[in-house]
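Mind the numbering: the sequence shown is residues 546 to 920 in our numbering, read in order.
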Amino acid sequence: MSPIVEEEVKALGFKNTSIHHQNVELMGTFADTLRLNLYLRTANRVLFEIDNFNVNTADELYKKVKKIRWDSIFDVDGYFSIKSYVKNDKILDPRFASLRAKDAIADYFMEKYDRRPNSGKDLSQTVLFLHWHEHEAAIYIDTSGETIAKHGYRKIPMKAPMMESLAAGTILASAWDQKSHFINPMCGSGTLAIEAALIAKRKFLNINRENFGFMHVNYYNADIWERMKQEAAVLEVKELPFKIIATDLNPAAIVAARQNALAAGVEELIEFKTCDFRDTPLPEDEKGVIFINPEYGQRLGEEKALEKTYQEIGDFFKQKASGYFGYIFTGNLNLAKRIGLRTKRRIEFFNAKIDCRLLEYELYAGTKKSGKLDK
């Protein structure tokens with residue numbers, strides 16, 4: 546997701562970003578973290594670095610963390626939690642590193658105030674994050690607190706739904722111009738169609754979120770946050786000059802998708818229909834994209850049963866979808882071969898721990914010659 550997150554960050558006007566396998570780094574103020582939490586659709590969380598240092602042992606970590614002026618960050622009457630990523634040969638359990646960091650913070654307050662903040666696993670107040678790789682360590686404020694990868698509207702999840710941030714990421718990685726039709730057969734709980742509607746409508750659901758990690762540290766300015774929310778609300782458009790269509794053979798899925806769209810505030814922008822994916826209505830004008838997220842078939846028997854489905858998706862693309870861009874998001878590349886079409890792009894994603902691909906098909910009427918369509 547890092548390349549897509551970076552594109553989102555750059556679209557917000559930030560420059561001099563550096564991209565890594567699992568994160569994007571940039572320079573900014575604490576107020577910038579509020580803006581990132583508000584606008585980013587594809588990120589998991591926004592971390593604000595407090596300090597970084599070279600350490601080799603847990604005792605060295607304790608000493609470095611204790612030197613930080615913690616009372617400038619949050620109050621002695623507050624509450625904090627620490628999460629961590631640790632890859633160090635001398636630390637067998639990352640929870641031990643978190644415990645030593647927590648002890649250092651508690652001892653800082655005890656020595657200065659003769660009392661200390663409460664701490665635990667609750668992520669609803671001040672959340673800190675320790676990243677320790679070999680001899681390099683950094684400690685951050687997790688300004689998101691609870692992850693921003695969940696967008697808060699999915700009241701009825703159905704079976705194995707895509708994470709909201711992942712759905713948004715696949716859409717932003719596609720060739721969809723946000724001006725043409727978005728078609729989502731096999732919609733399940735409606736996540737792809739809902740994210741497409743939110744993107745096109747320029748609607749940012751974190752305007753309505755009541756709690757972030759940044760609200761519990763001393764750097765937070767509530768007036769700045771209110772102003773940012775007002776600026777984001779002005780960007781929202783009321784109508785879309787194209788169709789977003791979501792279909793599913795399961796009536797319960799359509800009920801769930803409609804309820805989730807209602808919770809997201811975009812129900813009126815999506816046409817829902819209960820039907821087989823092959824009977825999904827495709828507008829002839831302007832064309833657009835078709836997104837399908839079929840089951841992966843993780844077990845051998847399931848994979849065999851899905852071979853026909855993937856073949857039928859390919860037939861649907863070939864016979865009914867000329868002029869569209871077709872997209873299949875799958876974690877089973879063996880099944881993807883059954884589609885029987887040549888991919889234009891294969892974009893790697895991870896759905897939890899499953900190595901997946903977003904497969905892009907440019908669906909021509911006839912054959913492609915010199916970049917033009919045969920007629």
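Where a beta carbon is used, it is the ideal one built from N, C-alpha and C, also for glycine.
- Note on Pro662: 16 or more other CB atoms within 10 angstroms of its CB, so buried under the neighbour-count rule.
- Nearest to Asn729 by C-alpha distance, out of Lys628, Ala741 and Phe759, is Ala741.
- Comparing alpha carbon positions, the residue from Lys788, Glu605, Pro706 and Ala682 closest to Glu816 is Lys788.
- In terms of CA proximity to Val762, Ile618 leads the group Ile618, Pro702, Lys695 and Ile790.
- With fewer than 16 other Cβ atoms from the protein chains shown falling within 10 Å of its own Cβ, Lys783 counts as exposed.
- Between Tyr624 and Thr671, the CB-CB gap stays under 8 Å.
- Taking Thr888 as the centre and dropping the five residues before and after it, the same chain places the C-beta of Leu904, Glu905 and Tyr906 closer than 7 Å to its C-beta, in chain order.
- Judged by beta-carbon spacing, Ile650 lies beyond the 8 Å limit of Val600, meaning their Cβ atoms are not closer than that value.
- Here Tyr872 is near Ile837, since their CB atoms are less than 8 Å apart.
- Bridge partners of Trp677 according to DSSP: Val631 and Ala682.
- Below 8 Å, enough C-beta pairs join the segment 748-760 and the segment 689-701 to call them touching: three or more.
- If only uninterrupted beta strand (DSSP E) runs of at least 3 residues are considered, those enclosed by the segment 706-753 are 726-729.
- For Asn879, the enclosing alpha helix (DSSP H) covers residues Leu878 to Ala881.
- The segment 701-711 and the segment 626-634 do not touch, with fewer than 3 CB-CB distances between them shorter than 8 Å.
- For Ile892 and Ala802, the gap between their C-alpha atoms comes out near 26 Å.
- Going by beta carbons, Phe641 and Thr688 fall outside the 8 Å limit.
- The bridge partners DSSP lists for Gly833 are His726.
- The C-alpha of Ala718 is placed about 21 Å away from the C-alpha of Thr692.
- Look at Ser563 here: in three-state DSSP terms it is strand.
- Taking 8 Å as the cut-off, the beta carbon of Phe757 is found closer than this to the beta carbon of Asn582.
- DSSP, reduced to helix, strand and coil, places Asn805 within a helical segment of the structure shown.
- For Ser626, the pairing in a beta bridge is given by DSSP as Val672.
- For Lys555, the CB contacts under 8 Å within the same chain, skipping 5 residues up- and downstream, are Thr562 in chain order.
- A straight line joining the alpha-carbon of Ser734 with that of Met773 spans about 31 Å.
- Between Ala712 and Thr736, the gap from beta carbon to beta carbon is short of 8 Å.
- An exposed status is given to Pro548, since fewer than 16 other beta-carbon atoms sit within 10 Å of its beta-carbon.
- Where Glu905 is concerned, the enclosing beta strand (DSSP E) starts and stops at Ile899 to Glu907.
- For Thr602, the closest C-alpha among the options Arg590, Leu571, Val621 and Arg645 is that of Arg645.
- The continuous alpha helix (DSSP H) containing Ile650 extends over residues Pro639 to Tyr658.
- Bounds of the alpha helix (DSSP H) holding Asp577 are Phe575 to Tyr584.
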